[in-house]
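There are 2 protein chains.
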Amino acid sequence: MTVELISIGDELLIGQTVNTNAAWLGNQLAAMGAKITKTVTVPDQKNPILRAIQAIESDLCIVTGGLGPTNDDITKKLLADYFEMELVLHPPTLAHIESFFSKRNRPMLQANIDQAKLPDGCEILPNRFGTAAGMWFTHEGGHIISLPGVPYEMKDIFEQEIRLRITERFQVNEMYHRTVLTHGIGESFLAQKIANWENALLADGLSLAYLPSPGLVKLRVSSPKGISEQAKVEHYLNALKSIIPKELFGVEQQTMAEVVGQLLKEQEKTIGTVESCTAGNLAAAMVEIPGSSDYFRGSLLTYQTLLKTELLDIPEDFIAANDVVSEAVAIRMAEAGRNKLSTDYCLSTTGIMGPSQGDSKDQVGTVWVGLSGPNGVMAKCFHFGDNRARNIEMTKLAALNLLRLTLLQENS
Amino acid sequence: MTVELISIGDELLIGQTVNTNAAWLGNQLAAMGAKITKTVTVPDQKNPILRAIQAIESDLCIVTGGLGPTNDDITKKLLADYFEMELVLHPPTLAHIESFFSKRNRPMLQANIDQAKLPDGCEILPNRFGTAAGMWFTHEGGHIISLPGVPYEMKDIFEQEIRLRITERFQVNEMYHRTVLTHGIGESFLAQKIANWENALLADGLSLAYLPSPGLVKLRVSSPKGISEQAKVEHYLNALKSIIPKELFGVEQQTMAEVVGQLLKEQEKTIGTVESCTAGNLAAAMVEIPGSSDYFRGSLLTYQTLLKTELLDIPEDFIAANDVVSEAVAIRMAEAGRNKLSTDYCLSTTGIMGPSQGDSKDQVGTVWVGLSGPNGVMAKCFHFGDNRARNIEMTKLAALNLLRLTLLQENS
Numbered sequence: 024m025t026v027e028l029i030s031i032g033d034e035l036l037i038g039q040t041v042n043t044n045a046a047w048l049g050n051q052l053a054a055m056g057a058k059i060t061k062t063v064t065v066p067d068q069k070n071p072i073l074r075a076i077q078a079i080e081s082d083l084c085i086v087t088g089g090l091g092p093t094n095d096d097i098t099k100k101l102l103a104d105y106f107e108m109e110l111v112l113h114p115p116t117l118a119h120i121e122s123f124f125s126k127r128n129r130p131m132l133q134a135n136i137d138q139a140k141l142p143d144g145c146e147i148l149p150n151r152f153g154t155a156a157g158m159w160f161t162h163e164g165g166h167i168i169s170l171p172g173v174p175y176e177m178k179d180i181f182e183q184e185i186r187l188r189i190t191e192r193f194q195v196n197e198m199y200h201r202t203v204l205t206h207g208i209g210e211s212f213l214a215q216k217i218a219n220w221e222n223a224l225l226a227d228g229l230s231l232a233y234l235p236s237p238g239l240v241k242l243r244v245s246s247p248k249g250i251s252e253q254a255k256v257e258h259y260l261n262a263l264k265s266i267i268p269k270e271l272f273g274v275e276q277q278t279m280a281e282v283v284g285q286l287l288k289e290q291e292k293t294i295g296t297v298e299s300c301t302a303g304n305l306a307a308a309m310v311e312i313p314g315s316s317d318y319f320r321g322s323l324l325t326y327q328t329l330l331k332t333e334l335l336d337i338p339e340d341f342i343a344a345n346d347v348v349s350e351a352v353a354i355r356m357a358e359a360g361r362n363k364l365s366t367d368y369c370l371s372t373t374g375i376m377g378p379s380q381g382d383s384k385d386q387v388g389t390v391w392v393g394l395s396g397p398n399g400v401m402a403k404c405f406h407f408g409d410n411r412a413r414n415i416e417m418t419k420l421a422a423l424n425l426l427r428l429t430l431l432q433e434n435s
Numbered sequence: 024m025t026v027e028l029i030s031i032g033d034e035l036l037i038g039q040t041v042n043t044n045a046a047w048l049g050n051q052l053a054a055m056g057a058k059i060t061k062t063v064t065v066p067d068q069k070n071p072i073l074r075a076i077q078a079i080e081s082d083l084c085i086v087t088g089g090l091g092p093t094n095d096d097i098t099k100k101l102l103a104d105y106f107e108m109e110l111v112l113h114p115p116t117l118a119h120i121e122s123f124f125s126k127r128n129r130p131m132l133q134a135n136i137d138q139a140k141l142p143d144g145c146e147i148l149p150n151r152f153g154t155a156a157g158m159w160f161t162h163e164g165g166h167i168i169s170l171p172g173v174p175y176e177m178k179d180i181f182e183q184e185i186r187l188r189i190t191e192r193f194q195v196n197e198m199y200h201r202t203v204l205t206h207g208i209g210e211s212f213l214a215q216k217i218a219n220w221e222n223a224l225l226a227d228g229l230s231l232a233y234l235p236s237p238g239l240v241k242l243r244v245s246s247p248k249g250i251s252e253q254a255k256v257e258h259y260l261n262a263l264k265s266i267i268p269k270e271l272f273g274v275e276q277q278t279m280a281e282v283v284g285q286l287l288k289e290q291e292k293t294i295g296t297v298e299s300c301t302a303g304n305l306a307a308a309m310v311e312i313p314g315s316s317d318y319f320r321g322s323l324l325t326y327q328t329l330l331k332t333e334l335l336d337i338p339e340d341f342i343a344a345n346d347v348v349s350e351a352v353a354i355r356m357a358e359a360g361r362n363k364l365s366t367d368y369c370l371s372t373t374g375i376m377g378p379s380q381g382d383s384k385d386q387v388g389t390v391w392v393g394l395s396g397p398n399g400v401m402a403k404c405f406h407f408g409d410n411r412a413r414n415i416e417m418t419k420l421a422a423l424n425l426l427r428l429t430l431l432q433e434n435s
């Protein structure tokens with residue numbers, strides 16, 4: 024099965040928006056065994072879109088963008104003309120659009136009603152999160168799917184309406200993929216540590232990809248689909264656990280916050296945070312996980328130094344004597360938080376995220392993470408770089424990982 | 024001047040890497056007045072690359088990727104064959120590669136020496152940061168540039184070797200772009216409200232693009248570059264301010280948090296947050312802005328309902344009587360926060376983000392945002408949708424916008 028992607032939008036061509044839709048779709052389709060032969064981006068103009076559609080050479084083409092209610096959105100009309108279909112009112116889509124606006128107490132305009140007029144010969148793919156429905160056109164053995172460009176709408180339609188239909192309609196040489204997630208070890212060091220394992224895996228006909236992102240390296244093991252191949256993959260993944268037992272923290276789409284949340288839930292423990300340099304990012308990451316209210320109680324964000332005295336009762340002279348970014352202050356923060364938030368565990372963060380120096384005498388990129396729990400309190404120091412956003416992300420991961428390792432150890 | 028971009032690489036097609044090179048190049052070239060007509064991504068294979076090159080229709084094509092030392096990098100050989108050139112050793116490039124490896128104390132392989140063999144009829148574009156030189160081919164009036172895919176190498180070659188040559192070799196009609204940011208009005212409703220303005224603008228030879236993202240619609244006004252055209256654009260932007268004075272909140276790359284931070288700084292006011300449903304996202308957004316410690320003091324994240332009693336002294340029966348997601352509780356939260364955090368203003372959030380119902384009897388997507396300040400306290404209700412991540416994002420924007428409007432009003 025071959026697939027092409029066409030992305031429509033001036034904002035993509037002039038780089039105002041990075042084309043993450045093509046990357047996401049390519050990733051999903053490749054994992055399903057499709058071969059992505061080409062992706063093309065064209066402007067919001069009739070002739071370039073038409074030429075791109077006429078040039079399709081693959082079994083399936085997914086077109087994203089150009090389905091909004093405004094005048095520059097021309098994809099629907101153009102596809103209807105191309106396939107010689109009429110635009111007719113589609114009552115279920117109209118009902119959905121009406122409910123969409125009434126739920127939000129927003130008036131509905133003619134342009135929104137017009138979004139319910141859809142080509143009469145295509146399959147309608149409902150859009151739960153927006154007003155532009157997806158469309159599946161089948162024509163002389165070829166398939167063209169048109170989706171809105173808004174990423175979360177596009178992804179939801181793909182998951183709800185497209186994934187299953189593809190497996191039903193196309194011969195895919197499905198690959199079996201398993202991804203494991205590691206933290207706390209760099210890509211080249213990891214490669215060295217697992218070199219023997221990797222060589223055995225390759226000799227056994229499997230393949231391995233390293234997928235690094237800030238603070239994480241994902242390892243994807245792939246094999247052709249088949250029961251014995253799947254067993255082989257599982258065998259290697261089990262072996263990997265004993266090579267990097269501390270670094271391997273999760274699988275597939277899991278996040279560190281999800282893994283930690285699962286452990287807290289299993290152990291029936293509660294958590295809170297006292298954050299300075301991460302200023303809510305740690306709490307936000309935990310609360311992103313549905314069901315987090317079972318274990319996450321809340322936080323004190325003592326961003327300004329004086330608030331560490333006012334809210335946490337850490338004396339001003341204690342902070343001045345130790346430096347606000349220090350082991351002693353991280354420990355006092357974690358202890359005060361556990362006490363004031365009445366939780367089993369409390370994580371604390373204090374560091375210098377840059378670009379400016381702040382109240383600390385330490386170097387930009389220095390972070391102390393504290394953790395207090397039923398068995399005592401500790402703090403750990405990290406040295407990150409100059410990039411503020413990356414430092415915040417790295418601190419979040421390091422703090423969650425400290426909690427993860429502690430929960431695993433205390434329960435073993 | 025028209026430009027196409029060709030990106031080479033399997034990792035782009037399968038979404039392992041997001042194509043930021045095309046976005047960056049598109050952005051630079053559009054700002055220089057070029058019209059980007061198409062971008063194409065093809066695999067590391069001879070025929071697809073060749074077909075993409077044969078299909079070029081623009082004055083200039085920039086090809087990125089496929090210039091590395093390994094066997095899957097075939098771009099250089101392919102372009103040399105296509106233009107019927109020989110690969111000959113280029114002594115300055117060899118000297119650069121030798122120094123590159125000796126500086127790093129790394130052994131040099133034959134594959135690296137081969138990188139100094141370059142097509143004998145093209146201009147060599149030195150790569151200061153890597154071993155793959157760029158190449159500029161001129162053929163029958165058309166121009167093809169080949170660059171490495173490593174982003175910082177590609178960008179440096181563009182800045183050092185390409186930017187100036189483009190202005191010398193092409194007639195560029197530089198465009199003048201200005202982007203304004205709106206919040207609190209949907210795309211189609213906005214289009215209706217500014218229809219007359221838009222029509223006048225179009226009749227005046229300018230162009231307008233709507234760029235929606237969750238909670239925001241950006242409007243980009245463009246014109247050919249020239250003093251009178253720039254004045255025209257500014258004239259229309261000024262006129263727009265009086266049509267949507269409340270909704271228009273910023274320009275270009277600004278964020279809502281940045282705009283609000285600027286107002287707080289100017290008015291020398293401090294802010295804190297008491298967050299339930301946003302659980303740190305509001306604080307995190309404010310702290311993302313460098314210099315935010317001047318005005319942002321800290322937060323109380325009372326995620327679990329009981330913590331609103333323990334930390335904020337809101338009686339349990341008061342919460343039970345009003346519902347935890349209510350105007351009364353949002354107001355009490357904002358008041359308690361302003362008091363406990365000793366700030367001029369305090370924002371509060373309480374809502375049901377979904378998917379589960381939580382402690383409230385209200386509908387998923389319902390959010391109350393409270394704001395207390397020197398002139399009193401208020402709360403506003405919002406109805407968002409079913410998507411947890413999006414609801415958090417929308418609440419964050421709505422809360423910051425409430426503060427923005429209040430700061431503007433109280434200072435006017």
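So the sequence lines, in the order shown, correspond to chains A and B.
When we follow our numbering, the leftmost residue of the first sequence carries the number 24, and every step to the right adds one.
When we follow our numbering, the leftmost residue of the second sequence carries the number 24, and every step to the right adds one.
Glycine residues also receive a C-beta, built at the ideal position from the N, C-alpha and C atoms.
Length of the line joining the Cα atoms of residue i and residue j
{"i": "D95 (chain A)", "j": "G89 (chain A)", "result": "7 Å"}
{"i": "T43 (chain A)", "j": "E333 (chain B)", "result": "44 Å"}
{"i": "Q39 (chain A)", "j": "V203 (chain B)", "result": "13 Å"}
{"i": "V400 (chain B)", "j": "L431 (chain B)", "result": "16 Å"}
{"i": "G238 (chain A)", "j": "L28 (chain A)", "result": "31 Å"}
{"i": "D33 (chain B)", "j": "Q380 (chain A)", "result": "42 Å"}
{"i": "K331 (chain B)", "j": "A422 (chain B)", "result": "19 Å"}
{"i": "L52 (chain A)", "j": "T62 (chain B)", "result": "20 Å"}
{"i": "I72 (chain A)", "j": "E275 (chain B)", "result": "28 Å"}
{"i": "M131 (chain B)", "j": "I415 (chain A)", "result": "38 Å"}
{"i": "S349 (chain A)", "j": "T373 (chain A)", "result": "8 Å"}
Buried versus exposed, by CB contacts within 10 Å (16 or more), residue i
{"i": "G408 (chain A)", "result": "exposed"}
{"i": "N150 (chain B)", "result": "buried"}
{"i": "V111 (chain B)", "result": "exposed"}
{"i": "Q417 (chain A)", "result": "The identity of residue 417 (chain A) in the sequence shown is Met, whereas the question assumes Gln. Under this definition M417 (chain A) is a buried residue."}
{"i": "D436 (chain A)", "result": "Nothing in the structure corresponds to residue 436 (chain A), since chain A is present only between 24 and 435."}
{"i": "D82 (chain A)", "result": "buried"}
{"i": "Y199 (chain B)", "result": "buried"}
Proximal residues of chain A, C-beta to C-beta of residue i below 7 Å
{"i": "A103 (chain B)", "result": "Chain A residues near A103 (chain B): none, gap ~23 Å exceeds 7 Å."}
{"i": "N410 (chain B)", "result": "F152, Y175"}
{"i": "Q215 (chain B)", "result": "L132"}
Identity of the residues DSSP links to residue i by a beta bridge
{"i": "W391 (chain A)", "result": "A:T373, A:C404"}
{"i": "I85 (chain A)", "result": "A:L28, A:I168"}
{"i": "T202 (chain B)", "result": "B:R243"}
{"i": "G295 (chain B)", "result": "B:G321, B:C369"}
Contact set between residue i and chain B, taken where Cβ atoms lie within less than 7 Å
{"i": "W47 (chain A)", "result": "G38"}
{"i": "F193 (chain A)", "result": "Going along chain B, no residue has its Cβ under 7 Å from F193 (chain A), so there is no contact; the nearest lies around 17 Å."}
{"i": "Q327 (chain A)", "result": "S316, R320, G321"}
{"i": "P92 (chain A)", "result": "E210, S211"}
{"i": "A306 (chain A)", "result": "A302, G303, L324"}
{"i": "I354 (chain A)", "result": "Those within 7 Å of I354 (chain A) in chain B number zero; the least Cβ separation is about 19 Å."}
Partner residues on chain B for residue i, Cβ-Cβ distance less than 9 Å
{"i": "R186 (chain A)", "result": "Within 9 Å Cβ-Cβ: nothing; R186 (chain A) doesn't reach chain B, min ~15 Å."}
{"i": "T62 (chain A)", "result": "S30, L35, L36, N42, T62, V63, T64, V65"}
{"i": "P71 (chain A)", "result": "T60, K61"}
9 Å Cβ cut-off: residues of chain A touching residue i
{"i": "S365 (chain B)", "result": "L329, L330, E333"}
{"i": "H206 (chain B)", "result": "Chain A residues near H206 (chain B): none, gap ~14 Å exceeds 9 Å."}
{"i": "N50 (chain B)", "result": "I37, G38, Q39"}
8 Å Cβ cut-off: residues of chain B touching residue i
{"i": "K126 (chain A)", "result": "G388, H406, G408"}
- Message: Does the contact criterion of 3 or more C-beta pairs under 8 Å hold for the segment 334 to 344 of chain B versus the segment 300 to 316 of chain B?
- Response: Not touching, per the Cβ criterion.
- Message: Under 8 Å, with one C-beta from each stretch per pair, do the segment 253 to 266 of chain B and the segment 186 to 196 of chain B reach the 3-pair mark?
- Response: no
- With contact counted as at least three CB pairs below 8 Å, one residue from each stretch, are the segment 241 to 249 of chain B and the segment 167 to 185 of chain B in contact? no
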